[in-house]
Amino acid sequence: MARKIIIDCDPGIDDAVALTLALFDPRLEIVAITACSGTVDAIRSTQNLQAIVERLDPPRHPRLGAATDPENAPVIGRCYLHGEDGLGNINMTPVGRQHVMPSEKLIADRLKAEPGQISILCLGPLTGVSLAFRRDPSLIDMVDRLIIVGGTCDGIGDVTPATEFNMHFDPSSASNIFRSATTKTMIPLEVSNQVSFGLDLIEQLPPRHSRAGALLHAILPHYFWTLRQECAQEMISLQAVVGVLALVEPTLFTTQEATIEIEELGVLTRGATIIDRRPYARQRKNIELVTAVDVEEARQSVIRGLRFAGQESE
Numbered sequence: 004m005a006r007k008i009i010i011d012c013d014p015g016i017d018d019a020v021a022l023t024l025a026l027f028d029p030r031l032e033i034v035a036i037t038a039c040s041g042t043v044d045a046i047r048s049t050q051n052l053q054a055i056v057e058r059l060d061p062p063r064h065p066r067l068g069a070a071t072d073p074e075n076a077p078v079i080g081r082c083y084l085h086g087e088d089g090l091g092n093i094n095m096t097p098v099g100r101q102h103v104m105p106s107e108k109l110i111a112d113r114l115k116a117e118p119g120q121i122s123i124l125c126l127g128p129l130t131g132v133s134l135a136f137r138r139d140p141s142l143i144d145m146v147d148r149l150i151i152v153g154g155t156c157d158g159i160g161d162v163t164p165a166t167e168f169n170m171h172f173d174p175s176s177a178s179n180i181f182r183s184a185t186t187k188t189m190i191p192l193e194v195s196n197q198v199s200f201g202l203d204l205i206e207q208l209p210p211r212h213s214r215a216g217a218l219l220h221a222i223l224p225h226y227f228w229t230l231r232q233e234c235a236q237e238m239i240s241l242q243a244v245v246g247v248l249a250l251v252e253p254t255l256f257t258t259q260e261a262t263i264e265i266e267e268l269g270v271l272t273r274g275a276t277i278i279d280r281r282p283y284a285r286q287r288k289n290i291e292l293v294t295a296v297d298v299e300e301a302r303q304s305v306i307r308g309l310r311f312a313g314q315e316s317e
């Protein structure tokens, strides 16, 4: 039986690759995809989501949700890596005029329709999920599991020396989610970064004549180029894709229970994920923390999944 999920994302090149992987995987039933701001602002994020789903035209079209900008979002974004439009400057805009309700409303509606049956894969800042839970706390008991891609447990960030982007962008929402009584899994930056790809990935993508291949060939070269220019990296990490793998290939991952709090203040520490490792800590463990991944098998699973997406979208 396919696993029912909501994907909450801020597309973003890596999120676009993750959506391509997930939308054609028969092991997943995507009941909704909700946008959040982060890599780009709320309007652009929503447009990107609509355009990606239109371009891929998957067998089943999920409901889509519109992003909301958090009140205290930082000035920083990820345009220097993903392009001004978030998708490698290909300026992809939606053609259709599908009505899109706010993400937090769509999350609430889907969870109430099938309580306890739907997991949420969180690929971006946690604004929309947190807003849904704040407006209706009963939703906390209706979600099966949250899979959160973000944070860092070794103290090495990607937006400040100590913090990962998704947590830094909206730390108050992250703190609200981490303190909630939901069942949660967190995939930190140091784990997701291990599943990296060289330029030979381009040669292994689906053919350009497929819908999936056309999208991937359009956006991924930009990501390789900017990471090389801005970060002196020859390899790219697709953190969002690792979140999809955690759903469909859970045996690739090693986990342990942990107690994690989010730092909401500070310049360098805004959004830091703080693990309480004290042996005498009294606070209950609140999250399943991914500590390791089978890197080579994860890479091969991604390549196989993308090729399958290409075949299904020809």
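The working numbering numbers the first residue of the sequence shown as 4 and each following residue consecutively.
Just so it is clear, CB atoms sit at the ideal spot from N, CA and C, and this is done for glycine as well.
Since the structure is predicted, the reported quantities are computational estimates derived from the model, not experimental observations.
Across which residues does DSSP place residue i in a beta bridge pair?
i           : result
residue 11  : 37, 125
residue 240 : 199
residue 149 : 123, 187
residue 259 : 292
residue 32  : 7
What is the rounded straight-line gap between the Cα of residue i and the Cα of residue j?
i           : j           : result
residue 213 : residue 15  : 21 Å
residue 113 : residue 231 : 41 Å
residue 306 : residue 283 : 44 Å
residue 9   : residue 122 : 6 Å
residue 164 : residue 268 : 15 Å
residue 174 : residue 186 : 19 Å
residue 278 : residue 261 : 7 Å
residue 216 : residue 296 : 27 Å
residue 222 : residue 33  : 23 Å
residue 20  : residue 144 : 31 Å
residue 227 : residue 141 : 43 Å
residue 29  : residue 251 : 10 Å
residue 99  : residue 263 : 42 Å
residue 51  : residue 205 : 22 Å
residue 45  : residue 67  : 13 Å
residue 294 : residue 26  : 27 Å
residue 39  : residue 48  : 7 Å
residue 237 : residue 202 : 8 Å
residue 1   : residue 101 : The first residue shown for the chain is 4 and the last is 317, placing residue 1 beyond what the model contains.
residue 247 : residue 285 : 33 Å
Determine whether the beta carbon atoms of residue i and residue j lie at a separation below 8 Å.
i           : j           : result
residue 181 : residue 110 : no
residue 75  : residue 127 : no
residue 131 : residue 229 : no
residue 208 : residue 220 : yes
residue 243 : residue 146 : no
residue 69  : residue 118 : no
residue 61  : residue 36  : no
residue 73  : residue 176 : yes
residue 94  : residue 133 : no
residue 156 : residue 292 : yes
residue 274 : residue 188 : no
residue 84  : residue 299 : no
residue 13  : residue 56  : no
residue 154 : residue 191 : yes
At what residues does the beta strand (DSSP E) containing residue i begin and finish?
i           : result
residue 16  : Here residue 16 belongs to no beta strand (DSSP E); instead the alpha helix (DSSP H) covers 16-26.
residue 69  : 66-69
residue 189 : 187-190
residue 276 : 276-278
Would residue i count as contacting chain B if we go by Cβ distances under 8 Å?
i           : result
residue 255 : Absence of chain B from the displayed structure is noted, only one protein chain being present.
Below 8 Å on the Cβ atoms is my contact criterion, and I expect residue i with residue j to pass it. Report the Cβ-Cβ distance as a whole number of Å.
i           : j           : result
residue 310 : residue 200 : With 8 Å as the limit, residue 310 and residue 200 do not qualify as a contact, their Cβ atoms being about 14 Å apart.
residue 245 : residue 195 : 4 Å
residue 198 : residue 241 : 7 Å
residue 31  : residue 5   : 6 Å
Between which two residues does the alpha helix (DSSP H) carrying residue i extend?
i           : result
residue 108 : 106-116
residue 301 : 298-315
residue 169 : 168-172
residue 219 : 214-234
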